[in-house]
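As structure tokens, the structure follows; a few thoughts come after it.
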């Protein structure tokens, strides 16, 4: 589904990604872990198309298409979804209105008829249950005055509505207490399917207790320095990142 | 007296006044005419303002005074011509003026005479001269403002509304001023006077439109007198051409416990200067001022507001918002004056702008002059670009860039749009804003 080859990216003159290689197949959950500043969020942002970064080398193929050639909105329409680490507050735009616009733009891109108000509301009611989100929250301005937990739930709710093929969760666990974390993780798990892949970017192992990955990759200094099964996450939790750093330095 | 390059228009106007005075045949002795003559003398003394004048620093009227205009030109406008100016006719008392001249065949008054009297200024001069003597030009300052002086000297027509005490007028009153610039450069100087009695309530909108591609100049003055416990909603909607010049002053005078609520929305217009001056000459008054402007191309939109807190315990609140594109320029100058007597004043002012192009310019200037010691006043202005992070967020959900931009711009304007309480008017404005932002 997603093939990242030798991806290099910088912001200004600062190199952040220094050659990422990653293959994600349909249905798989990959966790990207690593110490602060290793480039995890940059990877998520580059995949979603954030313009602050310059891709200096490498390629990203998504279902055979050159992802780096596409605008952020085209990537979304192709089926990529980024759950933001810091969801943006947008006064004056209600979640409901914004999501309806987004869904119908994506449908237009795919050559589908727009959803009418009834169909949209029906779908919304169904998905609201997934993340236990309240109608009143959705009619308010997007994320404005939302608590940290409400913002993250709103991200997963949007994901449930847009049904992406590849979901990228950027530090979705940051700022969440354990109850909110469980609700968010349950939402993600219910969306797991053999066609849908997930990349979970996280600093801590605890999210992976709830969203169990197929593979764990450790990102350090802009490279994936170690990959392994889910047990690698436990090892990192137990021993921290220092031993990985030491391993890298000796090589 | 002055060596400005404006002597042509100025001397033409002075000569015009004297010519018409000679034809007045005795009416020149009337009290009203004495005011007009006094205003003309002030205009003669003041001349057109230059950018050296502090109040006109960013608004240069040079190109305006170089144009040649036909004042109060006749027009063969028809109902069909109006159709292209509006999507739907608004319900209520609707009065049309074309090039400054009243169009009874297009107008309708639905409110019963028991609720209010609406007459044209020309009519009021004949039928209620005492009322005019009492109120006309008693509020809008023609001593220091050349354009107000000019309007006071020349204004032939406009609307006089008189709402008796204790009446809540249900139907909104909509005054439509159309410049028919299809054939030649036209100019008009409408003059309105709204007298709202004790505990009375009224909603009034002034709308300004242009027909045709020639230049137009509108120099409008509106005086609004709000008695004790009265409530006035006032909307000024400008949707004029790029060739339109508009200078307007709205002068409000509020007595005890009165409420004045206004929104000034400038959708389009080449060169616009709006003065909104409110004298809170009573205690426990409220004044709310909202503004919205969307200049693009080379449009210039200037909003000057002045709130004069003269008595204690009153509250004023102001929010102006602008979105500037291309090479447009905007000006916001908000003055709050709190006099020594006006203790316990609450005054808030905010002006927020989004500048979408590097070639667009916004000049903002808050001015607080406070002479009382127990007051709460605050002001803030912001000018910035569209939030890039918000734009990326919307795009990452599948919304194309242009659409995401107009969504954000509309959201930015939304809170001011919602202040327009005449539903049909607000819906019209919403559609026009959406169309303009979607371009």
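Protein chains in written order, with the UniProt record's numbering: chain H, 1 to 251; chain P, 1 to 439. Cβ coordinates follow ideal geometry from the N, Cα and C atoms, glycine included. Keep in mind it's a predicted model, so treat the numbers as computed, not measured.
Listed by chain order, chain H residues near residue i by CB distance under 8 Å
i: residue 389 (chain P); result: 88
i: residue 398 (chain P); result: 73, 76, 77, 102, 103, 105, 106, 109 and 162
i: residue 393 (chain P); result: 84, 87, 88 and 90
i: residue 365 (chain P); result: By Cβ distance, chain H contributes nothing, its closest Cβ being about 25 Å from residue 365 (chain P), past 8 Å.
i: residue 319 (chain P); result: Chain H residues near residue 319 (chain P): none, gap ~13 Å exceeds 8 Å.
i: residue 407 (chain P); result: 93, 98 and 101
i: residue 401 (chain P); result: 71 and 73
Span separating the alpha-carbon of residue i from that of residue j
i: residue 39 (chain P); j: residue 152 (chain P); result: 6 Å
i: residue 205 (chain H); j: residue 111 (chain H); result: 41 Å
i: residue 237 (chain H); j: residue 136 (chain H); result: 38 Å
i: residue 118 (chain P); j: residue 161 (chain P); result: 5 Å
i: residue 267 (chain P); j: residue 209 (chain P); result: 10 Å
i: residue 30 (chain P); j: residue 36 (chain P); result: 10 Å
i: residue 385 (chain P); j: residue 14 (chain P); result: 46 Å
i: residue 357 (chain P); j: residue 325 (chain P); result: 5 Å
i: residue 430 (chain P); j: residue 223 (chain P); result: 28 Å
i: residue 337 (chain P); j: residue 265 (chain P); result: 24 Å
i: residue 128 (chain H); j: residue 409 (chain P); result: 28 Å
i: residue 250 (chain H); j: residue 144 (chain H); result: 48 Å
i: residue 6 (chain P); j: residue 350 (chain P); result: Since pLDDT at residue 6 (chain P) reaches only 45, below the 50 mark, its modelled position is unreliable, and the value read off the structure follows with that caveat. Computed Cα separation, rounded: 35 Å.
i: residue 69 (chain P); j: residue 204 (chain P); result: 29 Å
i: residue 202 (chain H); j: residue 377 (chain P); result: 47 Å
i: residue 340 (chain P); j: residue 140 (chain P); result: 23 Å
i: residue 27 (chain H); j: residue 225 (chain H); result: 24 Å
i: residue 303 (chain P); j: residue 85 (chain P); result: 24 Å
i: residue 297 (chain P); j: residue 1 (chain H); result: 46 Å
i: residue 60 (chain H); j: residue 3 (chain H); result: 6 Å
i: residue 165 (chain H); j: residue 31 (chain H); result: 16 Å
i: residue 18 (chain P); j: residue 8 (chain P); result: 16 Å
i: residue 1 (chain P); j: residue 189 (chain P); result: Bear in mind that the predicted position of residue 1 (chain P) carries a pLDDT of just 41, short of 50, making it too unreliable to give a figure here.
i: residue 197 (chain P); j: residue 123 (chain P); result: 21 Å
i: residue 438 (chain P); j: residue 92 (chain H); result: 17 Å
i: residue 3 (chain P); j: residue 424 (chain P); result: Reliability of the predicted coordinates at residue 3 (chain P) is poor, the pLDDT of 44 falling under 50, and the value obtained from them is presented with this limitation in mind. The straight-line gap from Cα to Cα measures roughly 49 Å.
Short Cβ contact (8 Å threshold) for residue i with residue j
i: residue 92 (chain P); j: residue 120 (chain P); result: no
i: residue 148 (chain P); j: residue 50 (chain P); result: no
i: residue 200 (chain P); j: residue 165 (chain P); result: yes
i: residue 38 (chain H); j: residue 90 (chain H); result: no
i: residue 245 (chain P); j: residue 270 (chain P); result: yes
i: residue 345 (chain P); j: residue 309 (chain P); result: yes
i: residue 116 (chain P); j: residue 169 (chain P); result: yes
i: residue 57 (chain H); j: residue 6 (chain H); result: yes
i: residue 210 (chain H); j: residue 185 (chain H); result: yes
i: residue 216 (chain P); j: residue 181 (chain P); result: yes
i: residue 106 (chain H); j: residue 162 (chain H); result: yes
i: residue 219 (chain P); j: residue 280 (chain P); result: no
i: residue 260 (chain P); j: residue 307 (chain P); result: no
Beta-carbon neighbours of residue i, restricted to chain H and to distances below 7 Å
i: residue 281 (chain P); result: Chain H residues near residue 281 (chain P): none, gap ~36 Å exceeds 7 Å.
i: residue 411 (chain P); result: 90, 91, 92 and 93
Under 9 Å by beta carbon: chain H residues contacting residue i
i: residue 415 (chain P); result: 91 and 92
i: residue 294 (chain P); result: Result: empty, since nearest Cβ-Cβ is about 15 Å, beyond 9 Å.
i: residue 203 (chain P); result: Correct list: empty, because the minimum Cβ distance to chain H is about 25 Å.
Residues that residue i contacts on chain P, provided the C-beta gap is smaller than 8 Å
i: residue 82 (chain H); result: 396
Contacts that residue i makes with chain P (C-beta to C-beta distance below 7 Å)
i: residue 158 (chain H); result: 397
Where residue i meets chain P, residues with beta-carbon distance less than 9 Å
i: residue 49 (chain H); result: 392, 395 and 396
Any chain C beta carbon closer than 8 Å to residue i
i: residue 397 (chain P); result: You won't find chain C in this structure, because its protein chains are H and P.
task: Report yes or no: do three or more beta-carbon pairs, one from the region 41-54 of chain P and one from the region 227-238 of chain P, lie closer than 8 Å?
output: no
Would you call the region 65-80 of chain P and the region 128-144 of chain P in contact, with 3 or more CB pairs under 8 Å? no
**Message:** For the structure I just gave you, are there three or more beta carbon pairs, one from the region 404-418 of chain P and one from the region 289-306 of chain P, closer than 8 Å?
**Reply:** yes
Assess, as a yes-or-no matter, whether the region 46-54 of chain H is touched by the region 93-105 of chain H under the definition of 3 or more beta carbon pairs within less than 8 Å.
no
Open item on the list: Report the start-end ranges of each alpha helix (DSSP H) in the region 83-133 of chain P that is 4 residues or longer and not cut off at the edges.
Closed with: 121-127
(Q) What ranges does the alpha helix (DSSP H) occupy inside the region 364-424 of chain P, keeping only unbroken runs of at least 4 residues that lie completely in it? (A) 388-396 and 401-417
ask   = Should the region 58-75 of chain H be regarded as contacting the region 398-413 of chain P, the criterion being three or more beta carbon pairs within less than 8 Å?
value = yes
- Tell me, please, whether the region 317-332 of chain P touches the region 389-397 of chain P by the rule of three or more beta-carbon pairs shorter than 8 Å. no
Query raised in the report: Could you give the uninterrupted runs of the beta strand (DSSP E) lying entirely in the region 128-199 of chain P, keeping only those of 3 residues or more?
Result: 159-163, 173-180, 186-188 and 191-196
_Contained beta strand (DSSP E) runs [length at least 3] in the region 194-248 of chain P, N- to C-terminal order_ = 201-211, 216-226 and 231-239
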